[in-house]
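Peer 1: Input: one structure, supplied below.
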Amino acid sequence: MTTQSGQLYIVATPIGNLADISQRALDILATVDWIAAEDTRHSSRLLQHYGIQSKLLALHDHNEKQRAASLLEKLQQGQSIALISDAGTPLISDPGYSLVRHCQQAGVQVVPVPGACALIAALSAAGLPTDQFLFIGFLAAKQQQRLNQLQAIPAGVGTVVCYETARRIQDTLLDVQQVFGSERELVLAKELTKTFEHFARGTADDILQWLQEDAKRCQGEMVLMIAPTAKTESEISETALHTLQLLMAELPLKKAAALTAEIHGLKKNALYQHGLSLQQK
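Sequential numbering of the sequence shown, starting at 1, is according to the UniProt record's numbering.
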């Protein structure tokens with residue numbers, strides 16, 4: 001007799017306020033055979049708060065590939081597993097991809113149990129365009145890699161969203177200013193759903209000044225959002241675009257954009273973004 005496979009539940013947990021969890025999520029966490037958690041010590045506090053006693057095991061960045069096989073075996077034996085991260089929706093800049101991929105390939109049912117997500121919570125209250133956006137996860141720790149990531153963002157993607165640590169946020173704001181210009185509108189959301197939740201809006205300089213006014217403001221989880229450029233391609237003259245294309249044939253894009261901006265009195269970032277779109281065609 002063939003054993004019916006268990007189900008893998010992808011369960012969103014609160015990003016701050018413990019009340020931001022669904023009844024469905026609580027029911028599943030209380031009834032599964034195992035809960036795979038990014039940090040079992042951290043998740044234990046949530047489970048204890050709700051009196052959930054399901055067995056815990058660790059699944060994180062450093063053991064996921066090795067542990068995925070053993071979890072798949074449990075599922076194929078008919079056991080059920082809930083995957084949770086430290087906060088929010090698993091796999092959104094959190095572990096879980098290898099496990100979900102293994103399950104999908106093996107024909108094991110994967111069930112999403114939606115809920116809190118810092119990305120969506122931040123966007124919903126930022127006051128920036130949400131009809132189109134690009135989520136780029138965590139930026140690189142090293143500056144040059146971070147600059148390369150920012151410079152590679154194509155034009156026309158809408159609001160750009162990334163997660164950032166408190167330790168690096170000021171350096172990242174300076175890099176964003178370098179790539180996108182000093183006038184670009186930004187929103188920094190921090191400590192979402194917690195006591196000191198705050199949305200700081202303005203240019204990179206505005207937000208840097210706000211952070212530097214109180215050292216405590218450079219603490220906690222952060223979501224940085226970059227507004228789309230206000231300048232459209234149609235506002236760049238045909239002459240300037242022609243200059244850019246000629247220079248791009250001989251120079252790196254960054255230098256070509258800077259020279260075109262100087263010649264025509266334009267902002268180099270708009271030209272840089274347009275040059276990127278040309279390269280991708």
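C-beta atoms are modelled at their ideal positions from N, C-alpha and C, and glycine is treated no differently. What you are looking at is a predicted structure, and each value in this text was computed from that prediction instead of being measured.
1. How long is the line joining the alpha carbons of glutamine 170 and glutamine 4, rounded to whole angstroms?
2. Considering only their Cβ atoms, is the gap separating leucine 128 from valine 187 smaller than 8 Å?
3. When DSSP labels each residue in this structure, what does glycine 202 get in the three-state scheme?
4. CB-CB under 6 Å to leucine 278, same chain, minus the five flanking residues each way: which ones, in chain order?
5. Any beta carbon from chain C within less than 8 Å of isoleucine 15's own beta carbon?
6. Among the candidates Lys216, Trp34, Asp131 and Arg45, whose CA atom is the shortest distance from the CA of leucine 83?
7. Quick check on the burial criterion: 16 or more other C-beta atoms within 10 angstroms. Buried or exposed for leucine 72?
8. Could you name the residues that DSSP lists as bridge partners for methionine 222?
9. Out of Ser80, Ala227, Gly181 and Arg167, which has the shortest C-alpha to C-alpha gap to valine 161?
10. Contact defined as beta carbons within less than 8 Å: I believe leucine 147 pairs with aspartate 175. What is the distance between those atoms, to the nearest angstrom?
11. Output yes or no for whether 8 Å exceeds the beta carbon distance between leucine 173 and alanine 204.
12. With 16 other CB atoms within 10 Å as the buried threshold, where does arginine 41 fall?
13. Quick one: what does DSSP say glycine 275 is sitting in, helix, strand or coil?
14. Just to confirm before moving on: does the CB-CB distance between threonine 156 and isoleucine 21 stay below 8 Å?
15. To the nearest angstrom, how far is it from the Cα of proline 95 to the Cα of alanine 36?
16. Among residues of its own chain, excluding the 5 on either side of glutamate 233, which ones have a beta-carbon nearer than 6 Å to its beta-carbon?
17. Report back the beta-carbon spacing between asparagine 17 and lysine 216 to the nearest angstrom; my notes put them in contact at under 8 Å.
18. Given a cut-off of 8 Å on the beta-carbon distance, is the pair residue 363 and alanine 12 in contact?
Peer 2: Considering the structure as presented:
1. 52 Å
2. yes
3. strand
4. none
5. Checking the listed chains, one finds no chain C in this structure; it contains a single protein chain.
6. Trp34
7. buried
8. Glu164 and Lys190
9. Ala227
10. 5 Å
11. yes
12. exposed
13. helix
14. A quick correction: the sequence has glycine, not threonine, at residue 156. It is not a contact, given that the beta carbons lie outside the stated cut-off.
15. 10 Å
16. Low confidence applies here, because glutamate 233 scores a pLDDT of 48, under 50, leaving its location unreliable; read the following figure in that light. Excluding residues within five positions, the ones whose Cβ falls inside 6 Å are His274.
17. Contact doesn't hold; Cβ gap of about 20 Å is too wide.
18. A question about residue 363 goes unanswered here, because the residues of the chain that appear run from 1 up to 281.
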